[in-house]
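S.K.: Just so you know, the protein sequences line up as chains A and B, in that order. Take the position in the first sequence, starting the count at 1, then add 1246; the result is the number in our numbering. Take the position in the second sequence, starting the count at 1, then add 1246; the result is the number in our numbering. Please see the structure below; I have some questions.
There are 2 protein chains.
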Amino acid sequence: MNGRGRRPGSPDTREAILAAARAAFAAHGFARTTIRAVARDAGVDPALVHHYFGSKDGLFAAAVELPVNPVEVLAPVAAVPPGERGAAAVRALLGVWDSPGGAGALALFRSAVADPERMAMIREFVVGRALGVLTAGLGLSPAERARRTALAGSQLAGLIVTRYVMRVEPIASAPAEELVAAVGAAVQRYLTGPVPGAQRYGGLD
Amino acid sequence: MNGRGRRPGSPDTREAILAAARAAFAAHGFARTTIRAVARDAGVDPALVHHYFGSKDGLFAAAVELPVNPVEVLAPVAAVPPGERGAAAVRALLGVWDSPGGAGALALFRSAVADPERMAMIREFVVGRALGVLTAGLGLSPAERARRTALAGSQLAGLIVTRYVMRVEPIASAPAEELVAAVGAAVQRYLTGPVPGAQRYGGLD
């Protein structure tokens, strides 16, 4: 499909950009996809991509049909001291999943579990981009950052699965702030506490 | 379908028992389903159900087509001191999922995520039955046992999702024993450590 000559503002143009973005994110991943390349593939000016989607984050969220942008969801985490990031991350996550938008998030999770390629795209965006705020500015090596981010992500993913997918009680109907306290402490330990197992494999802590 | 008069030993008989078991577990849940009732529904003698499936656990695992029996998987947890149960649970779980049987476990997880009724049956068996070994003999109230079991389950579920479903690095390719140390410590804290959030909601710790 050659998209050159599409008129700005037509629904076709927006769809052409999204189709090009989906193909690029699937082929190259989030980090190695550029707005310039997507615009070229769609036959439009990069400024038009910015106009429609604001940023590469926004383009990704629209291309993969994320009901919310995880980078925006986790933005409050950057506003609290490092020692409070675990609780802030749980609070931000539950805020979305407990809201009317939670149904869309659950539908997305189900579709991604059934579709490894879609899961891979979401994984790279959520873990490689959105969760980065958890370990920003802690002076960790890249390897240690990746390890702690993944461990914290495992607890956050488990909370989502237990509360919304499996609906395990008493987690499924617990007040959000009880989970912020209980699970936030576990996430916090992965971020800034001692994590056993690193020493013997050459980690930093 | 009236199963009375089926000959013991015929494949039809085994299938009739499994069909009756599936219907009973779905309608009444694991705890309130009895081998006697399943045998009656299938038109066979209860001794035949025991002969084929050994126990209600075994009947459930066969009815829901679990690739392994979670009660047997977690049996090693009962053999270690309470303070080592977190690590033992992670080790037992990874032992199965890292084995050739792991592909079947992953397929089961995918099908359960897409099928809330199947997920509900598995949840009741895994959380209400198999994970009970984690908090056995700790002198906890039933409510506190349920809370700690669910929290520990959230971390175990998150580890499975992160390593095998989302394939997040470095967790996806980490040596099992590194995860036993790092994640086992988090599970252990949920089982026997202080868990924030209980105080303000009237919990025991």
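Quick reminder that beta carbons are idealized off the backbone N, C-alpha and C, glycines included.
What residue from B:A1389, B:G1404, B:P1416 has the CA that sits closest to A:A1420's CA?
M.R.: If we check each option's Cα against that of A:A1420, B:A1389 comes out closest.
S.K.: In chain order, what residues of the same chain have a beta carbon less than 8 Å from the beta carbon of B:E1363, not counting five sequence neighbours either side?
M.R.: A1272
S.K.: For A:R1435, would you say it is in contact with chain B, using Cβ-to-Cβ distances shorter than 8 Å as the test?
M.R.: yes
S.K.: State the CB to CB distance for the pair A:I1406 and A:L1339, rounded to an integer number of angstroms; the pair is presumed to be in contact (CB under 8 Å).
M.R.: 7 Å
S.K.: For my contact list, B:G1347 and B:V1314 are in at a C-beta cut-off of 8 Å; report their separation, rounded to the angstrom.
M.R.: 6 Å
S.K.: With burial defined as no fewer than 16 other Cβ atoms inside 10 Å of the residue's Cβ, what is the status of B:P1327: buried or exposed?
M.R.: exposed
S.K.: Does DSSP classify B:I1263 as helix, strand or coil?
M.R.: DSSP places B:I1263 in helix when its eight states are reduced to three.
S.K.: Whole angstroms are fine: how far does the CA of A:L1402 sit from the CA of B:R1446?
M.R.: Bear in mind that a pLDDT of 38 at B:R1446, under 50, signals an unreliable position, so the model cannot answer this.
S.K.: Residue ranges of each alpha helix (DSSP H) run of no fewer than 4 residues wholly in the region 1351 to 1383 of chain B, ordered along the chain?
M.R.: 1362 to 1371, 1378 to 1381
S.K.: Run through DSSP, which three-state label would B:S1256 get?
M.R.: coil
S.K.: By DSSP, does A:P1388 sit in helix, in strand, or in coil?
M.R.: A:P1388: helix per DSSP, three-state reduction.
S.K.: B:A1431 and B:G1332 look like a contact to me (Cβ under 8 Å); what is the Cβ gap, rounded to whole Å?
M.R.: Taking the Cβ atoms as the reference, B:A1431 lies roughly 6 Å from B:G1332, within the contact range of under 8 Å.
S.K.: Give the interface partners of B:R1408 over in chain A, defined as CB-CB distance under 7 Å, in chain order.
M.R.: Looking at the sequence provided, one finds Thr at residue 1408 of chain B rather than Arg. Correct list: A1396, G1399, S1400, A1403.
S.K.: If you follow the alpha helix (DSSP H) that B:I1281 is in, where does it begin and where does it stop?
M.R.: 1281 to 1288
S.K.: Can you tell me where the alpha helix (DSSP H) with B:R1413 in it begins and where it stops?
M.R.: That residue, B:R1413, is in no alpha helix (DSSP H); it is neither H nor E in DSSP.
S.K.: Can you confirm whether A:V1319, when its beta carbon is compared against all beta carbons of chain B, has any partner nearer than 8 Å?
M.R.: no
S.K.: Exposed or buried, B:A1349, counting other C-beta atoms within 10 Å across all chains shown (16 or more means buried)?
M.R.: exposed
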